[in-house]
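Residue numbers for the sequence shown follow numbering that gives the first Met the number 0, so the first one is 0 and each next one is one higher.
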Amino acid sequence: MHRIFAVAITLLPAALFAAEKPNVIFFIADDVSWNDYGCYGSQTARTPNIDALAAHGRR
0 MHRIFAVAIT LLPAALFAAE KPNVIFFIAD DVSWNDYGCY GSQTARTPNI
50 DALAAHGRR
């Protein structure tokens, strides 16, 4: 919980003074790592909605 608060406090000034405010989505899940999503090459899990978000979002 402290990490989430620290990240939020760190990113808050940048969000307040940004010219164009992008939409940001944080995925928090238990027992899931970055390579468990189809957009990162996983063949075992089907994640079509997250894959669509990744395909149309910024990197």
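Quick reminder that beta carbons are idealized off the backbone N, C-alpha and C, glycines included.
For residue 54 and residue 46, what's the separation of their Cα atoms in angstroms? Within the sequence shown, the letter at position 55 stands for residue 54. Within the sequence shown, the letter at position 47 stands for residue 46. Near 12 Å, if we compare the C-alpha coordinates of residue 46 and residue 54.
From 24, 21, 44 and 23, residue whose alpha carbon lies closest to that of residue 31: By 1-based counting over the sequence shown, the position of residue 31 is 32. Taking only the C-alpha atoms, the option nearest residue 31 is 44.
Over the uninterrupted alpha helix (DSSP H) stretch that includes residue 47, give me the two end residues. Walking along the sequence shown from the start, residue 47 turns up at place 48. Residue 47 -> alpha helix (DSSP H) spans 47–55.
CB-CB under 8 Å to residue 36, same chain, minus the five flanking residues each way: which ones, in chain order? Taking the sequence shown and counting its residues from 1, one reaches residue 36 at position 37. If we look at residue 36 and ignore the five residues flanking it on each side, its Cβ neighbours are 44, 46, 49, 50 and 53.
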